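Have a look at the structure below before the remarks.
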Amino acid sequence: MSSIHEPVLLQEVLEFLDPRPGKNFIDATLNGGGHTRALVERIMPQGRVLGIEWDPEVAKMAAERAAQSLYENNIIVVNDSYVNMSSIAERFHFRPDGILFDLGLSSWHYESSGRGFSFKRDEPLDMRFNSAAGPSAAELINTYEVAELEQILRDYGDEQFSHPIAAAIGKARWKKPIMTVPELVAVVESAVPNWYKHRKIHFATKTFQALRVIVNDELANVKIGILAAIDLLPSGGKLAVISFQGHEDKIVRELFKQKTKEGIIEIPIKRTIRPKWEEQKINPRSRSAKMKVALKI
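With the numbering used here as the guide, the letters of the sequence shown map in order to residues 28 to 324.
Right under this line is the structure:
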């Protein structure tokens, strides 16, 4: 079961979740399966991992890899959203000892999906994890009011040039619909000042992030998924959440604070857990990762 996706904070995840033979875990965001493989290796022979993956192509690849591995009977792959975690666990009579969320995109989404997640590729502007669900990024860009686009870029991308970028989108789409990654990147480039184009972070990064968050309803889903996980865990059950952007991290922090006040969870490690420098050098995408953990009381 080789992994497409380099698992972030792997040692820290294993240290906290403490997988041992016979334990059961839910990987709520299966991605390339790196975390799942590390967990299942440590819970053999009776333990199981229930892997949930919203992208049907990624889920299919994960299921095929599992079927061809030594862990065929220990990994359950489900193509569904983690917002449905409770009903999924009920369907498989699955009682988890721990649950993991890794809210980052897999390398496959950027490099091989063909759906416009990366601003470096000439691809259609889709950006959906599941192309059967909801409108694409192109539909959003070409049909939302300019004021709505400005708010999306500001609120979900923290884009300081949200106003000129939204205005440039509105102007460009009058001439022809914006349908591809290069077309959108060109519009963003035309709207921002020169100094903004020469920073370490690509000038289109925040625009793409904001659109992806809205297209996949990511922030609302994170809240629903975390609450479902907390409800599902038994007393003593462990929850680990890895986020890559400030809005997600804030949602996790506020939910943990709320559930701590309600006496439902406790926070065994108060600080945010970040990748060590050695990991950041090997896997640059890990740099923005933040992990928060909780223990069900």
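Using N, Cα and C, we set each Cβ at its ideal position, and we do this for glycine too.
Keep in mind the model is a prediction, meaning the values are calculated, not measured.
Query, Result
"Every unbroken alpha helix (DSSP H) within the segment 213-247, with a cutoff of 4 residues, ordered by chain", "232-242"
"Buried or exposed (CB count within 10 angstroms, at least 16 for buried), residue 120", "exposed"
"Same chain, Cβ closer than 7 angstroms to residue 141, neighbours up to 5 away in sequence not counted", "150"
"Nearest-angstrom beta carbon gap, residue 85 and residue 164 [assumed within contact, 8 angstroms]", "Wrong, their Cβ atoms sit about 18 angstroms apart, outside the cutoff."
"Nearest-angstrom beta carbon gap, residue 144 and residue 239 [assumed within contact, 8 angstroms]", "7 angstroms"
"Sub-8 angstroms separation of residue 266 and residue 321 beta-carbons", "yes"
"Candidates 74, 58, 186, of which the one nearest residue 81 by Cα", "58"
"Buried or exposed by the 16-neighbour rule on C-beta atoms within 10 Å, applied to residue 46", "buried"
"Endpoints, the beta strand (DSSP E) within which residue 321 is located", "317-323"
"Own chain, CB closer than 8 angstroms to residue 274, minus 5 neighbours either side, in chain order", "183, 240, 246"
"Spatial distance of residue 170 from residue 216 (CA atoms)", "21 angstroms"
"CB contact flag (residue 229, residue 283, <8 angstroms)", "no"
"At least three beta-carbon pairs within less than 8 angstroms, the segment 298-315 to the segment 92-108", "no"
"Residue 324 vs residue 290 beta-carbon contact at 8 angstroms", "yes"
"CA nearest to the CA of residue 300, picked from 276, 286, 64, 233", "276"
"Euclidean distance between Cα positions of residue 234 and residue 256", "30 angstroms"
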